[in-house]
Amino acid sequence: MAHSIITMPSLISKSAVFLVVMAAFIGIGAHAGRRIDDEPWYEQYQDVRRALNISTDYWLHTVNFPRAYTEGRRCTIFHIKQWHEDRMNYSSHYLVNDTLQGMEYVGTFFQTPLNGPVPERKTNNGFYASLTSEKWHPQNYTLIYSDYENCLILRVRDFYKGYACMVLVNEPPTNNSIPWKCQLVYRNACNGSGIAEQIYERSCNKSQLLGRWS
């Protein structure tokens with residue numbers, strides 16, 4: 001069986017290409033209404049089904065909006081339970097005063113048009129979450145970016161005038177920060193609020209949070 005060898009020059013080359021792409025995005029971000037969300041160039045990073053298929057579990061790592069409704073919640077993790085052609089069943093799990101709590105959802109996939117002459121996307125880039133007992137709960141999410149390996153950034157379209165962002169990670173890096181590719185995008189797509197609240201803590205225990213629902 002043939003084995004591919006990843007050399008340091010190839011890693012540097014791939015990183016350089018990504019940085020060039022992000023530099024282009026910084027230029028886009030300087031113009032009103034030209035956000036990464038709808039730019040054709042970034043469609044390749046916005047396949048929401050692929051992004052949510054890199055794992056079954058995703059930690060809420062960082063948000064860029066005031067958490068008035070969820071201020072007391074810690075260690076939030078999302079669990080993908082079942083896939084269907086047009087939707088997914090998933091749940092959220094978190095601690096409130098060290099008490100386990102959770103909620104069930106159905107997320108129905110959709111796509112938003114791209115800017116430019118060909119507005120139709122090849123894949124879905126968002127999902128609507130089903131109603132919950134919490135009337136304030138957001139329902140409209142679109143994928144800003146995923147590296148399809150470690151992290152994804154969701155736009156919460158019905159929070160903070162459509163500028164709210166959530167960073168999800170499947171496994172937090174050893175230094176506890178956002179994986180670097182998502183960090184670059186977050187700084188340019190989500191930093192207008194001046195807020196970057198990290199939700200994930202090293203003490204968060206996946207087995208403890210998900211055990212009740214297993």
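Numbering-wise, the sequence shown is residues 1 to 214 according to the UniProt record's numbering. Even for Gly, the Cβ is constructed at its ideal location relative to N, Cα and C.
Through-space distance from residue j to residue i, alpha-carbon basis
i       : j       : result
Glu-39  : Ser-146 : 15 Å
Cys-151 : Thr-174 : 14 Å
Val-63  : Val-118 : 32 Å
Leu-157 : Ala-189 : Note that residue 157 corresponds to Arg in the displayed sequence, not to Leu. Arg-157 and Ala-189: Cα-Cα distance of roughly 13 Å.
Asp-86  : Ala-51  : 15 Å
Ser-203 : Lys-122 : 40 Å
Val-48  : Arg-74  : 25 Å
Cys-182 : Ser-133 : 32 Å
Trp-41  : Thr-99  : 44 Å
Gln-208 : Phe-78  : 13 Å
Asn-205 : Cys-165 : 24 Å
Tyr-148 : Leu-131 : 28 Å
Ile-144 : Gln-82  : 23 Å
Thr-112 : Glu-120 : 8 Å
Supposed contact pair residue j and residue i - C-beta distance, whole angstroms, cut 8 Å
i       : j       : result
Tyr-58  : Asn-170 : 6 Å
Asn-97  : Gly-72  : 7 Å
Thr-56  : Ile-80  : 5 Å
Tyr-163 : Gly-192 : 6 Å
Three-state secondary structure (DSSP) of residue i
i       : result
Asp-37  : helix
Met-8   : Per-residue confidence for Met-8 stands at a pLDDT of 43, beneath the threshold of 50, marking its modelled position as unreliable; the derived number appears in the next sentence. Reduced to three states, the DSSP call for Met-8 is helix.
Tyr-105 : strand
Cys-182 : helix
Tyr-135 : Going by the sequence as given, residue 135 is Lys instead of Tyr. In the structure shown, Lys-135 sits in coil (DSSP, three-state: anything other than H, G, I, E or B).
Ala-189 : helix
Tyr-58  : strand
Glu-43  : helix
Lys-122 : coil
Tyr-200 : coil
Tyr-128 : strand
His-3   : Low per-residue confidence applies at His-3: pLDDT is 37, beneath 50, and the placement is therefore not dependable, though the value from the model is reported in the following sentence. The answer is coil: DSSP assigns His-3 none of H, G, I, E or B.
Status (buried if at least 16 other CB within 10 Å, exposed otherwise) for residue i
i       : result
Thr-76  : buried
Asn-124 : buried
Arg-67  : exposed
Leu-116 : In the sequence on display, residue 116 carries Gly and not Leu. Exposed: under 16 other Cβ atoms inside 10 Å.
Leu-60  : buried
Thr-142 : buried
Ala-32  : With a pLDDT of only 32 at Ala-32, under the threshold of 50, the placement of this residue in the model should not be trusted, and no figure is reported.
Gln-44  : exposed
Tyr-186 : buried
Gly-194 : exposed
Tyr-160 : buried
Unbroken beta strand (DSSP E) run spanning residue i, endpoints
i       : result
Ser-91  : 87-96
Leu-146 : Inspection of the sequence shows that residue 146 is occupied by Ser rather than by Leu. It spans 140-146 - the beta strand (DSSP E) in which Ser-146 sits, taken as one unbroken run.
Arg-155 : 151-156
Arg-74  : 73-83
Ala-164 : 164-169
Unbroken alpha helix (DSSP H) run spanning residue i, endpoints
i       : result
Ala-51  : 48-51
Leu-114 : Taken as a continuous stretch (DSSP letters only), Leu-114 belongs to no alpha helix (DSSP H), as it is neither H nor E.
Gly-211 : 206-211
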